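Residue numbers (my numbering): -4 to 269. We treat Cβ as the ideally placed atom computed from N, Cα and C, and that holds for glycine. Since the model is a prediction, treat every value here as computed from it, not as a measurement.
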């Protein structure tokens, strides 16, 4: 009798609930909160636009096998290749190049001269880094990429073959010499992880080997800054224009940046052991 009574009570309760919630049975019907339209987070959900330009650069700097450069190594060649990104129509549109006179260690080591083919006369007659940076910013400004004070204009990025050029060399040298680092250098694209991701192979063997691995011809003398920048640009063009095997790579985001307060690099620095 007890079980029958309990069963009838339970049945009545379910029946009452079903009558109150037609079509939902024992399920809870959606509340007003459930069916209310969700607020869109436009800043997070909006697609990231592709870069319009990449400024490919590869500095050369003082070095010696026998001793450390104190208080820091110094840039001796400051080149760049400007690439307009436009899918299959991606192309090189301009170049910048100048030697730079070092201050702390003005005499080039034999190692540096043989590695880069930069002569003592090249740097003796060159402007200092303090003079080069404004000239470089004027070049960027002529292409609508930066204000004369170094503020970035538009959606573009520097592109390097490793983080050392901007993240280590330029950041350290400007800090050591008390030269303000222009805002446009606050982030950049390290092409190596992009190469790894797009071609699914490790960027082993140095820049020249990585260029030639793609079936591209290396041109010029390796370790000349402009030559290295030009050949790095060949990889950029190959990736952006696309190929039957790998498709096209869309450059959208920097891979690395500098903390505005400390000048220390942050971002993706994953390196696989090779």
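Note down, in chain order, each residue of its chain lying with its Cβ closer than 7 Å to the Cβ of residue 48, except the 5 sequence neighbours on either side. Cβ neighbours of residue 48 beyond the five flanking positions: 77, 78, 79, 80, 140, 151.
Alpha helix (DSSP H) segment containing residue 188, residue limits: For residue 188, the enclosing alpha helix (DSSP H) has its first and last residue at 186 to 194.
Pairwise C-alpha distance: residue 92 and residue 83: Going by the C-alpha atoms only, they are around 27 Å apart.
Are there 16 or more other CB atoms within 10 angstroms of the CB of residue 250, so buried, or fewer, so exposed? Buried, by the Cβ-count rule.
Secondary structure of residue 10, DSSP reduced to three states: The predicted model places residue 10 with a pLDDT of 43, which falls under 50 and marks its position as unreliable; any figure quoted below should be read in that light. The answer is helix: DSSP assigns residue 10 an H, G or I state.
N-terminal and C-terminal residue of the alpha helix (DSSP H) that residue 224 is part of: Where residue 224 is concerned, the enclosing alpha helix (DSSP H) stretches over 220 to 236.
Is residue 127 near residue 87, with beta carbons less than 7 Å apart? No, they are not a contact pair.
Measuring alpha carbon to alpha carbon, tell me which of 176, 203, 198, 44 ends up nearest residue 146. Nearest C-alpha to residue 146: 176.
Which residues mark the beginning and the end of the beta strand (DSSP E) in which residue 151 is found? Counting along the chain, the unbroken beta strand (DSSP E) around residue 151 starts and ends at 151 to 155.
How would you write the range of the beta strand (DSSP E) that residue 127 sits in, first residue to last? Going by DSSP, residue 127 is part of no beta strand (DSSP E) but of the alpha helix (DSSP H) stretching over 124 to 137.
Range of the contiguous alpha helix (DSSP H) that encloses residue 115: The continuous alpha helix (DSSP H) containing residue 115 extends over residues 115 to 119.
Quick one: is residue 60 buried, meaning 16 or more other Cβ sit within 10 Å of its Cβ, or exposed? With fewer than 16 other Cβ atoms within 10 Å, it is exposed.
Just how far apart, CA to CA, sit residue 173 and residue 133? Between residue 173 and residue 133, the C-alpha separation is close to 21 Å.
Exposed or buried, residue 200, counting other C-beta atoms within 10 Å across all chains shown (16 or more means buried)? Around the beta carbon of residue 200, a 10 Å sphere encloses fewer than 16 other beta carbons of the protein chains shown; the residue is thus reported as exposed.
For residue 251, the first and last residue of its enclosing beta strand (DSSP E): Start and end: 251 to 253.
For residue 182 and residue 153, I'd like the C-alpha separation in whole angstroms. Taking the straight line from one Cα to the other gives about 7 Å.
Cβ of residue 72 within 7 Å of Cβ of residue 215? It is not a contact, given that the beta carbons lie outside the stated cut-off.
Ends of the beta strand (DSSP E) at residue 69? First-last for residue 69: undefined, no H or E at that position.
Is the distance from the Cβ of residue 244 to the Cβ of residue 193 below 7 Å? Going by C-beta atoms, residue 244 is nearer than 7 Å to residue 193.
Nearest by alpha-carbon distance to residue 253: which of 238, 163, 144, 101 is it? Minimum Cα distance to residue 253 is reached at 163.
Between residue 196 and chain B, is there a C-beta pair that is closer than 7 Å? Chain labels in this structure do not include chain B; a single protein chain is all it has.
Checking 7 Å against the spacing of the C-beta atoms, do residue 217 and residue 203 come in under that value? For residue 217 and residue 203, yes; Cβs fall inside 7 Å.
Can you name, in chain order, every residue of its own chain whose Cβ lies under 7 Å from the Cβ of residue 160, other than the five neighbours on each side? Cβ neighbours of residue 160 beyond the five flanking positions: 52, 53, 54.
What separation, rounded to the nearest whole angstrom, lies between the Cα atoms of residue 198 and residue 112? Here the C-alpha atom of residue 198 lies approximately 25 Å from the C-alpha atom of residue 112.
Beta carbon of residue 168, beta carbon of residue 69: below 7 Å? Yes; because the gap between Cβ atoms is below 7 Å, this pair is in contact.
What does the Cβ neighbour count give for residue 259, buried or exposed, with the cut at 16 atoms within 10 Å? Exposed is the label assigned to residue 259, since fewer than 16 other Cβ atoms lie within 10 Å of its Cβ.
How is residue 59 classed by DSSP in three states: helix, strand or coil? Three-state DSSP puts residue 59 in coil, outside helix and strand.
Just tell me which of 107, 65, 75, 109 has its CA closest to the CA of residue 98. For the residues 107, 65, 75, 109, the minimum Cα distance to residue 98 belongs to 65.
Between the C-alpha atoms of residue 262 and residue 179, what's the straight-line distance to the nearest angstrom? Those two C-alpha atoms are separated by around 16 Å.
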